[in-house]
Amino acid sequence: MPAQAFHRSRPPERKAMNILLTGASGFIGRNLAAVLTQAGHRIVPASRRTGCDFQRMTAPADWLPYLRGIDAVINSVGIIGETRHQRFATLHRDAPTALFRACAETGIRLVIQISALGADRSAFSAYHLSKRAADDVLRELDLNGFVLRPSLVYGRGGTSSTLFLRLATLPLIPVIGDGKQMLQPIHIADVAASVLRCLENPVTGQTLDIVGNETVSFADWLARMRAAQGQGPARLLQIPPSVAGAFFRLFGQIHPLFQPDNLRMLLTGYHADPAPISAFLGRSPLAFSPDLFFANASEALS
67 MPAQAFHRSR
77 PPERKAMNIL
87 LTGASGFIGR
97 NLAAVLTQAG
107 HRIVPASRRT
117 GCDFQRMTAP
127 ADWLPYLRGI
137 DAVINSVGII
147 GETRHQRFAT
157 LHRDAPTALF
167 RACAETGIRL
177 VIQISALGAD
187 RSAFSAYHLS
197 KRAADDVLRE
207 LDLNGFVLRP
217 SLVYGRGGTS
227 STLFLRLATL
237 PLIPVIGDGK
247 QMLQPIHIAD
257 VAASVLRCLE
267 NPVTGQTLDI
277 VGNETVSFAD
287 WLARMRAAQG
297 QGPARLLQIP
307 PSVAGAFFRL
317 FGQIHPLFQP
327 DNLRMLLTGY
337 HADPAPISAF
347 LGRSPLAFSP
357 DLFFANASEA
367 LS
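At position 58 of the sequence shown (counting the first as 1) the number is 124 in our numbering, and the numbers step up by one without a gap.
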């Protein structure tokens, strides 16, 4: 789906900012915090580790104490699967919506929402629909907002990257069907670089798909991960989608990544034109290198 635009203009903003960063202890949040701190900004982290429970932050008033002295807000909270205590509707929709409305009430203009590729009109999963709901609220409010929709994000410490790296070391690598589901992976460094660009960009009100220049199959992606770990080629174990669906239903209660919707999303595949994000960054996304599997954002951008 093409990226949407809801352009507004504001004067260029290049001074150091006090930034509220939600989800600061997650994979994306940790990398954003490091890169933004290196750029001279002061990060105010908000996560369960700092005592900020998103489950209880569903009214604008809940956010007001966190917004004192804040110049910009970045929401990077996200889960890939639900558990009994973590629900998409609360974490992806209700809490961010309350945060965005609180920003509007307090005059904090610059808000960056980390959404997901596929959170558009084609969305069918609870994951994407909940992300899109918050995106829509931000677009409707009178704020200088950015909605960033990354594809599969990889880099050192990522949950999915760690899982797939382990999967790639097996002597017989399981794939769904023929493993030809197509991906457009993006390194965490390019997500961080996009956020930095948002902080200084005079044209706000943009929705941008953050995708890599290269489209690869899932099987090829696992092969690259295997080679990056110094191992030779391996055979593929092709699992019929029906069998994989039964597996996901069985083990979805054990690991949130194994949700039936995640299987459907993998089989669907999501693609976008990399030209808009290249134009926004002023460069192409990082070209793939095996070393990038083991690099964080700061290392890849240095």
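Beta carbons: idealized from backbone N, C-alpha and C, even for Gly.
| Check | Outcome |
| --- | --- |
| Return the residue from the list Asp208, Ser368, Leu204, Arg215 that minimises the CA-CA distance to Val277. | Arg215 |
| Tell whether a beta-carbon distance below 8 Å holds between Phe166 and Leu207. | yes |
| DSSP puts Thr172 in a beta bridge; with which residues? | Bridge partners of Thr172: none, in fact. |
| Do Arg330 and Ser191 have their CB atoms nearer than 8 Å? | yes |
| Taking the C-alpha atoms as reference points, what is the distance between Ala164 and Ser142? | 15 Å |
| Report yes if the C-beta distance between Phe212 and Thr270 is below 8 Å; otherwise report no. | yes |
| For Ser283, which residues does DSSP report across the bridge? | Met248 |
| What is the DSSP secondary structure of Leu236, counted as helix, strand or coil? | coil |
| Quick check on the DSSP output: the beta strand (DSSP E) that includes Asp275 runs from which residue to which? | 269-276 |
| Could you tell me if Lys246 is buried or exposed, where buried requires 16 or more neighbouring beta carbons within 10 angstroms of its beta carbon? | exposed |
| Taking Cβ to Cβ, would you say Leu133 is nearer than 8 Å to Pro111? | no |
| Give me the residue from Arg205, Ser91, Ala125 with the minimum Cα distance to Ile145. | Ser91 |
| What do you get for Glu171, buried or exposed, if any count of 16 or more other CB atoms within 10 angstroms of its CB means buried? | exposed |
| What do you get for Ser260, buried or exposed, if any count of 16 or more other CB atoms within 10 angstroms of its CB means buried? | buried |
| Out of Ile242, Leu332, Ala138, point me to the one whose CA is closest to Leu303's CA. | Ile242 |
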